[in-house]
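Numbering (our numbering), first residue to last: 213 to 1124.
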């Protein structure tokens, strides 16, 4: 008989399932059958995805539109130099090429990262396991498991494949990385409905989960990519990351620049040819060189590098706040975020159970503190509190471990919470246990709904039990309020049930705690009667203190917060409302989502903020739906089940401490202290970075616009006026001179703009429209006004010196070089002075905000001094085809440039 894996193996009885799989639960598979199934189903591992090689990352640096424009300009410059005889060095071409290479190296260094997500998934499943084959127990590697294998699990084991239980004894598994459920899940043999969600399949175990209690025998039903973990890996490998809004804007800007340069080159080249009146080879070469100069003038060569510096600076500032940016573009993207999708367990909460209240005979007492930290207190202390705390710690099988100042539970989290409660009551849980000898125990199971431990203290034997209130009420006869057992009456039972109901309405889990003095040791389950109740303990995985104010800041900033969790809807609703998410809304469950039509699903995503019991597929679909609706989405998460959606959204944010390796590798930003509030700081940083990007882009383009206008008008006028040298049409500036302005003159101030500090006012306005361009209409007007002003003054100085000879040139032979040098210096100085107009996007040197970034004037002074050095150092001046200008002339030219800081500002105010 050929084995057939049923579509819903969890819905079949054990004997029916083993029949489908053609395996005997007593014999296991034969070696030959294992080989056949390995051939048919493949090894129990995920398909490997090809890694991104360093070479492909390096090539990726040359695919940017603006970089391609520069490469084209480099080729033309080399060609022109070669056809003109190749004398000397091709300075123009080498300078452009150096810019391209330097930017590529910088981008490669910053962006290089290995896509190790699938490797992390495989490491999460690397285990050996015990199986039954040919009637004998064997230990095999996980890769050699096949559907139909009978395998064994015990406490501490990592489940190697998806399976259905054949036998189980007090069995529990931690599935939180897979489902988001914050507590270990009790498992038992049985059947469940075919459409039961993964989180509710109590008869199944899943690859990657960890056994926390008990033992079980199971049969493998899925291996490799067919497991729930494997399906996540498959989705992860096929999920494409969304381009960030900044990347989209820069792509659009690059294309606009490319088309603009191409059109201008054609128009101006044709104009020059028309003015020249001839089309011989020499003329065509000069036009080609002019085109190179124009392309250099139009393209802000330093933009990619300055952008990288800006993002790097933002990433460093975030690192100081314990957030690590794995992808730099994500830092800026956070400033555009309109929706944050957040997991509950371990993100909004500690993922550490805490006793929040206890119920005694005379009422309820609150317990302060969060997680496993011993800080906190009980509202009142006394004999009744001490007794409940002692009984609770002795009815617990867990321990608390501490590493690097962080405490964690070794065993059941609720048991660990009882140990912390004992500490808050003033007890030393280790000391109390060391004074006693554990004689026996009866572990928890879903059928028993309780657990008991028998302890010997000297000559005294005491049974300590905990479980559901209803279960213990059937076994209890007395209640002890710290002054000895008294008969359990109806009034007290009603009080306890009322307290349990109140705890339930707050989505707290409840355990009743009891004890019994016994004379002689016997089987523990035989002693579980005539118990003495001491009270109730209410447990919760509480929100972090920093979360409610962080969510309030998100609301003030116009950011919607949506909670997704694998936990129970009641728990999800309670936590969400407590922190300020979806106030007044009920949670929508994964089962309800699955039953919705496409339009209903879209409406639910628009109107609801709380989703519970959601599967990894549903998380991904919710993310995709928000993206389709035009939202800029960030998502926080820490589990394997979060990974596909983390990779899909614009910004995936993983928790560094509690996050799985899979979630971290799929993310763009990692919060090292698992503090949700850090994401709000990251949003503020992102908005600051975007404002800085706008400032330095506007600054760069204003200078470039002025040069393009000056080149076009100056060349046209030179042609019309017949200004030539050695028969060649005089160009206002050479390509090398333009490169100096674009890189040296503008480079340092642009970097200073990029490093500007943020402004808290950014968090008091709604997110910017992700469809809005970087250069808004307002910024275009600023650029046009400034650029035109610069061009007019440049051409005025050029014309005045060359034609009228207001300042005496050394000789007529070098008159055009002298005039060009003077105009070049005036333009450089004016561009630097005008940087102050871009310190504030309201455009005004008189604005007090304009002077907050002290780095910009320092950078401008640095660039100006470098330019002076260029003019006074003869070899450098010759390389850039510049003349030496005497100091008095430079003083006059500087005074001419100074008023330019006010002219664009005044013009802009009037136009506005």
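Ideal Cβ placement from N, Cα and C applies to all residues, glycine included.
In the displayed model, residue 906 falls within a helix according to three-state DSSP.
In the three-state reduction of the DSSP assignment, residue 665 falls in the strand class.
When the five nearest sequence neighbours on each side are left out, the beta carbons in the same chain lying within less than 7 Å of the beta carbon of residue 1067 are those of 964 and 967, in order along the chain.
Of 1051, 549, 382 and 925, the smallest CA-CA separation from residue 661 is found for 382. Residue 235 is not a Cβ neighbour of residue 368, given a cutoff of 7 Å. Residue 644 and residue 710 have their C-alpha atoms spaced approximately 32 Å apart. Pairing residue 648 with residue 786, the inter-Cα distance amounts to about 40 Å. When Cβ pairs closer than 8 Å are counted between the two stretches, the region 410-417 is seen not to touch the region 579-587, the count staying below three.
Counting C-beta pairs closer than 8 Å gives three or more between the region 915-925 and the region 1003-1014, which meets the contact rule. Under the three-state reduction of DSSP, residue 418 is assigned to coil, being neither helix nor strand.
Residue 1047 is a Cβ neighbour of residue 961, given a cutoff of 7 Å. Separation of the CB atoms of residue 700 and residue 739 is rounded to 18 Å, and the pair is thereby denied contact status at 8 Å. Fully contained in the region 729-754 are the following beta strand (DSSP E) runs of length 3 or more, in chain order: 743-752.
Two segments are said to touch when three or more pairs of C-beta atoms, one from each, lie closer than 8 Å; by this definition the region 421-439 does not touch the region 800-819.
Within its own chain, the residues whose Cβ lies closer than 7 Å to the Cβ of residue 765, once the five positions on either side in sequence are excluded, are 892 and 975, listed in chain order. In the structure shown, residue 566 adopts extended strand secondary structure according to DSSP, grouped into three states. Sixteen is the threshold: since fewer than 16 other Cβ atoms of the shown chains lie within 10 Å of the Cβ of residue 575, the residue is exposed. Counting only unbroken stretches of 4 or more residues, the alpha helix (DSSP H) elements lying wholly within the region 799-843 are 802-806, 810-819 and 828-840, in sequence order. A direct Cα-to-Cα measurement between residue 804 and residue 775 gives close to 16 Å. Close CB contacts of residue 1076 within its chain, under the 6 Å cut and outside five residues either way in sequence, are with 1044 (chain order). For residue 587, there is no enclosing beta strand (DSSP E), as DSSP gives it neither H nor E. The count of Cβ pairs closer than 8 Å, one atom from the region 390-410 and one from the region 213-229, reaches three, so the stretches are in contact. Counting only runs that start and end inside the region 1066-1106, the alpha helix (DSSP H) elements of at least 4 residues fall at 1067-1084 and 1086-1091.
Fully enclosed alpha helix (DSSP H) runs of no fewer than 4 residues occupy 681-685 and 702-717 of the region 649-725, in order along the chain. By DSSP's assignment, residue 362 forms a beta bridge with 344 and 431. If you check the CB distance, residue 560 and residue 759 come in under 7 Å. Here DSSP, grouped into helix, strand and coil, assigns residue 612 to strand. A distance below 7 Å separates the beta carbons of residue 558 and residue 850. For secondary structure counted as the beta strand (DSSP E) over 3 or more consecutive residues, the region 853-902 holds these complete runs in sequence order: 863-867 and 881-883. Note on residue 1090: under 16 other CB atoms within 10 angstroms of its CB, so exposed under the neighbour-count rule. Nearest Cα to residue 912 within the set 896, 923, 925 and 954: 954. Residues of the same chain with a CB within less than 8 Å of the CB of residue 652, apart from the 5 flanking positions on each side, are 665, 666, 733, 735 and 736 in chain order. In the DSSP assignment, residue 280 forms no beta bridge with any residue. DSSP places residue 578 in the strand class (E or B) of the three-state scheme. The beta-carbon distance between residue 725 and residue 607, rounded to whole angstroms, is 6 Å. This is short enough to meet the 8 Å contact definition. Judged by DSSP secondary structure, residue 601 falls within the alpha helix (DSSP H) whose first and last residues are 595-606.
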